[in-house]
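Read through the structure below, which is laid out as structure tokens, and then see the notes.
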Amino acid sequence: LVANSELVRQARVGDRDAYDVLITELVDHLYRIARLILRDYDSAEDAVQEALVRCWRDLPRLRDPDRFDAWLNRILLNAITDEARRRRRFGASLTVLRIEPAQADDVGALADRDELERVFGRLSIDHRTVVVLHYYLGMNADEAATTIGIPVGTAKSRLHYATEALRAALEADARRASAGGASA
Amino acid sequence: MSTRPDLDRSITEWLGAEASDRAPERLLEASRARIRNTRQRRAWWPAWRIPTMNNTVRIVAAVAAVVILAVIGLNLIGGTTPGGPVQPSPSVAPSSTPEPTPSEPIVLVPEMGGLFAGQYLITDVEPFTITITIPSGWESLGVPAQIWGTGANRPTVGYLTLEGIFTDPCDPTQGYRTVGPTVDGLVQALTDDPSLNVEQTSTVTVSGFEGTQIAVTGAAVDCGSVEPVWMRTQPGSVDRPRPDVTEPAQLTILDVAGDRLVIIATGTTGAESSAVESIIDSTVIEAP
Chain A
1 LVANSELVRQ
11 ARVGDRDAYD
21 VLITELVDHL
31 YRIARLILRD
41 YDSAEDAVQE
51 ALVRCWRDLP
61 RLRDPDRFDA
71 WLNRILLNAI
81 TDEARRRRRF
91 GASLTVLRIE
101 PAQADDVGAL
111 ADRDELERVF
121 GRLSIDHRTV
131 VVLHYYLGMN
141 ADEAATTIGI
151 PVGTAKSRLH
161 YATEALRAAL
171 EADARRASAG
181 GASA
Chain B
1001 MSTRPDLDRS
1011 ITEWLGAEAS
1021 DRAPERLLEA
1031 SRARIRNTRQ
1041 RRAWWPAWRI
1051 PTMNNTVRIV
1061 AAVAAVVILA
1071 VIGLNLIGGT
1081 TPGGPVQPSP
1091 SVAPSSTPEP
1101 TPSEPIVLVP
1111 EMGGLFAGQY
1121 LITDVEPFTI
1131 TITIPSGWES
1141 LGVPAQIWGT
1151 GANRPTVGYL
1161 TLEGIFTDPC
1171 DPTQGYRTVG
1181 PTVDGLVQAL
1191 TDDPSLNVEQ
1201 TSTVTVSGFE
1211 GTQIAVTGAA
1221 VDCGSVEPVW
1231 MRTQPGSVDR
1241 PRPDVTEPAQ
1251 LTILDVAGDR
1261 LVIIATGTTG
1271 AESSAVESII
1281 DSTVIEAP
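First to last, the protein sequences are chains A and B.
The opening residue of the first sequence carries number 1 in my numbering; numbering runs sequentially from there.
The opening residue of the second sequence carries number 1001 in my numbering; numbering runs sequentially from there.
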């Protein structure tokens, strides 16, 4: 998603109406990223709300409006990290994210999704963040590292670890399905 | 064995299928409400640069900037602002743009956002009335009587009373352990919990009330997809996630004229510990 540069410029000099139009266009996108990483509806809402406020507050400090998308992603990821920490310290009563597949195409795909959900949920926030940036937003390791503000090697390492964990989960599930089919 | 393209496709399709929700309208409404009360931070560099600035212009601009800063500085030192500083209303909700230090305590409300540096009144930890002094750079956590710093480690300070310590960290519905009503009763209950480590026990006095300060860490507990908890506290009926080995919870447990008050702090390592200590030291408690 690419933000409207003219709206960014107007909001940057204090135009609240322009900012309102801007966030109305962006909020779904931000919410999906937050929900994927945080695995919780309430936490995602709080993180996005915080990111939108921080974005408005600091927008005049954005030197290059054309870098708005990357800058906002960074703000969102910081807000997500803060929210995860806030929840870890103060709110264990989390809403469990229900997975409702868009199409129940076949039993194997459903099992895959369950396994992915289970393993993905056990990854740390840092690992989930890299997975979402890479697989959902299509960033390569360099871009993900720049967005998060970590060394490229760290981003690659996190992506490798997370991907291998997800692969192992899928393969274990495939083995179980295979064993179940053989015994039937 | 799944191939890498298969795996990549599976993960991408799964994330895409999950990310189909739209943000609820209340999210935008709540954001707009906070943004209305938030002022933008001005950039300290010019928003639009002059593309062709020769050396003479640079020097003149630099001298002008120094003169302007000097005039502003003299005015600040002189303190000649007509009418004196603007005082926020005691009932004002904290915004994300901290204001100058107020002289009257502000009621601490559980709304996320930046806090003014200054005195705050905590009224929702019954039966106590508590006043604390918060330094600059702290925020409300959106949880009653809980604040946190903006430093790298995001230290937290909170005021609470104990409702109970869970018998099963994975299942709060299993009920509470037996905890005596005194300071020692709570320390003993935590010490007796085999899954918790209680360290650094020391005697403290806060606001003239004596108590015990301890650091609590917990062994790793695997509750599957459920986050392990250790106690339910008031206000807010918060089920608190267990502290882990890397981030101990510091509890200051006080006997306030026969009632037990707990001050909890986390992320207290390093440079941020002094800010936490200053807040705790500033605590003034009115006994019920």
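For every residue, glycine included, the Cβ atom is placed at its ideal position computed from N, Cα and C.
- Per the C-alpha coordinates, the member of A:GLU25, A:ARG86, A:ALA3 and A:ASP66 positioned closest to ASN1153 (chain B) is A:ARG86.
- Counting along the chain, no alpha helix (DSSP H) covers ARG1232 (chain B); the unbroken beta strand (DSSP E) around it starts and ends at 1229 to 1234.
- Per DSSP, the beta bridge partners of GLY1149 (chain B) are B:TRP1138.
- Residues of chain A whose Cβ lies closer than 7 Å to the Cβ of THR1201 (chain B) do not exist, since the nearest Cβ in that chain is about 22 Å away.
- Counting other Cβ atoms within 10 Å of its Cβ, GLU45 (chain A) reaches 16 or more and is therefore classed as buried.
- Uninterrupted alpha helix (DSSP H) stretches at least 4 residues long and entirely within the stretch 1142 to 1200 of chain B occur at 1183 to 1192, given in chain order.
- Look at ARG88 (chain A): its C-beta is under 8 Å from a C-beta on chain B.
- For GLN10 (chain A), the enclosing alpha helix (DSSP H) begins and ends at 5 to 12.
- The Cβ atoms of VAL119 (chain A) and LEU166 (chain A) lie closer than 8 Å to each other.
- In the three-state DSSP reduction, PRO151 (chain A) falls in the coil class, being neither helix nor strand.
- Taking a contact to require three or more Cβ pairs closer than 8 Å, the stretch 1272 to 1283 of chain B and the stretch 1165 to 1184 of chain B do not qualify as touching.
- Nearest CB-CB separation between GLY14 (chain A) and chain B: below the 8 Å threshold.
- Closer than 8 Å to the CB of TRP1138 (chain B) there is not a single CB belonging to chain A.
- Residue pairing by DSSP places ASP1239 (chain B) opposite B:ARG1232 in a beta bridge.
- For MET1112 (chain B), the neighbours in chain A by C-beta distance under 9 Å run, in chain order, ASP46, GLN49, GLU50, VAL53 and ARG86.
- In chain order, GLN1213 place their CB closer than 6 Å to the CB of SER1202 (chain B), counting only its own chain and leaving out the 5 sequence neighbours on each side.
- Residue B:MET1112 holds the alpha-carbon nearest to the alpha-carbon of ALA1030 (chain B) among B:MET1112, B:GLY1267 and B:VAL1157.
- In terms of CA proximity to CYS1223 (chain B), B:ARG1242 leads the group B:ALA1189, B:ARG1242, B:GLY1208 and B:PRO1235.
- Residue nearest to ALA18 (chain A) within the set A:LEU123, A:ASP114 and A:TRP56 is A:TRP56 (criterion: CA-CA distance).
- Contact with chain A is absent for ILE1147 (chain B), since none of that chain's Cβ atoms lies less than 8 Å from the residue's Cβ.
- Burial is judged here by how many other beta carbons sit within 10 angstroms of a residue's own beta carbon; ASN73 (chain A) has at least 16 and is buried.
- Excluding its 5 nearest sequence neighbours in each direction, ASP142 (chain A) has C-beta neighbours in its own chain below 6 Å: VAL152, listed in chain order.
- Residue pairing by DSSP places TYR1120 (chain B) opposite B:ILE1106 and B:ILE1132 in a beta bridge.
- Burial state of GLY1208 (chain B) is exposed, judged by a 10 Å Cβ sphere holding fewer than 16 other Cβ atoms.
- Exposure of ARG1009 (chain B) is indicated by the presence of fewer than 16 other C-beta atoms within 10 angstroms of its C-beta.
- Near chain A, meaning a CB-to-CB distance below 8 Å, no residue of the stretch 1173 to 1196 of chain B qualifies.
- What VAL132 (chain A) touches in chain B, judged by beta-carbon distance under 8 Å, is LEU1015, going in chain order.
- In this structure, the beta-carbon distance from THR1156 (chain B) to ALA1265 (chain B) falls below 8 Å.
- Excluding sequence positions up to five before and after VAL130 (chain A), its CB lies within less than 7 Å of the CB of ALA144, ALA155, ARG158, LEU159 and ALA162, all in the same chain and listed in chain order.
- Under the 8 Å criterion on CB atoms, ILE1132 (chain B) is classed as non-interfacial with respect to chain A.
- In the three-state DSSP reduction, LEU1261 (chain B) falls in the strand class (E or B).
- DSSP places THR24 (chain A) inside the alpha helix (DSSP H), whose first and last residues are 16 to 38.
- Excluding the 5 residues flanking it on each side, VAL2 (chain A) has same chain C-beta neighbours closer than 8 Å at ASP69, in chain order.
- The C-alpha of ILE1011 (chain B) is placed about 36 Å away from the C-alpha of PRO1248 (chain B).
- Residues of chain A with a Cβ closer than 9 Å to the Cβ of PRO1024 (chain B) are, in chain order, TYR31, TYR41 and GLU45.
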